[in-house]
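Residue numbers (my numbering): 325 to 460.
Here a beta-carbon is modelled for each residue, glycine too, at the ideal position from N, C-alpha and C.
Here the structure is laid out as structure tokens; the discussion comes afterwards.
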Ligand code: UDP
Ligand code: MG
């Protein structure tokens, strides 16, 4: 493993629940450094582009609607094996299937509204970091 960077998003439900700090603390306590962060509200076009891989999936329109429903916090996390580490801290997509102690198991309401996004591979991490932080 080596030092990697990955993209994290605290989704609108996470911001709404006032748990940005709790989520950041999990990153910091597990060796992930926040090297870039910002709060913004995604436009429909941004959300559609970001989730383009899911365009043909039945949940795509709802996902875009949800991701644009309020502010999000996008961050770049850096650390040893950051991509996988972040995915482990997040837990499975569906909080009912997520391991105890993960962000989604502890805070998320449903498979759709699941508090956080995290890049799923080093290749996608590079694309996603560039999408929100072209200078990083
Ligand atoms: N999603 C959904 N229904 C599903 C699968 C996914 O609403 O059946 C949403 C959910 O918000 C998820 C996002 O679409 O986080 C992207 O799905 P993916 O399979 O990439 O899950 P993730 O990588 O976020 O765990
Ligand atoms: Mg994904």
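Beta-bridge pairing of residue 329 - partner residues as DSSP gives them: The residue labelled residue 329 in the question sits at position 5 within the chain shown. Looking at the DSSP assignment, residue 329 forms a beta bridge with 402.
What residue ranges within the region 415–445 form continuous alpha helix (DSSP H) runs of no fewer than 4 residues, ordered along the chain? 427–431
Residue 347 by DSSP, collapsed to three states: which one? Translated into positions along the chain shown, residue 347 becomes position 23. Helix at residue 347.
Rounded to whole angstroms, what is the Cα-Cα separation between residue 389 and residue 382? The residue given as residue 389 occupies position 65 in the chain shown. The residue given as residue 382 occupies position 58 in the chain shown. Those two C-alpha atoms are separated by around 13 Å.
Would you kindly work out how many angstroms separate the C-alpha atoms of residue 440 and residue 354, rounded to a whole number? In the chain shown, residue 440 corresponds to position 116, counting from 1. In the chain shown, residue 354 corresponds to position 30, counting from 1. Roughly 16 Å separates the two Cα atoms.
Span separating the alpha-carbon of residue 338 from that of residue 450: As a working mapping, residue 338 is identified with position 14 in the chain shown. As a working mapping, residue 450 is identified with position 126 in the chain shown. Approximately 24 Å, taken between the alpha carbons.
Can you tell me where the beta strand (DSSP E) holding residue 356 begins and where it ends? Looking up residue 356 in the chain shown gives position 32. Neither: residue 356 is in no beta strand (DSSP E) and is coded neither H nor E.
Kindly examine ligand 2 and report whether one of its heavy atoms sits closer than 6 Å to the Cβ of residue 386. For the purposes of this step, residue 386 is taken as residue 62 along the chain shown, with counting starting at 1. Flag unset: Cβ of residue 386 not near ligand 2.
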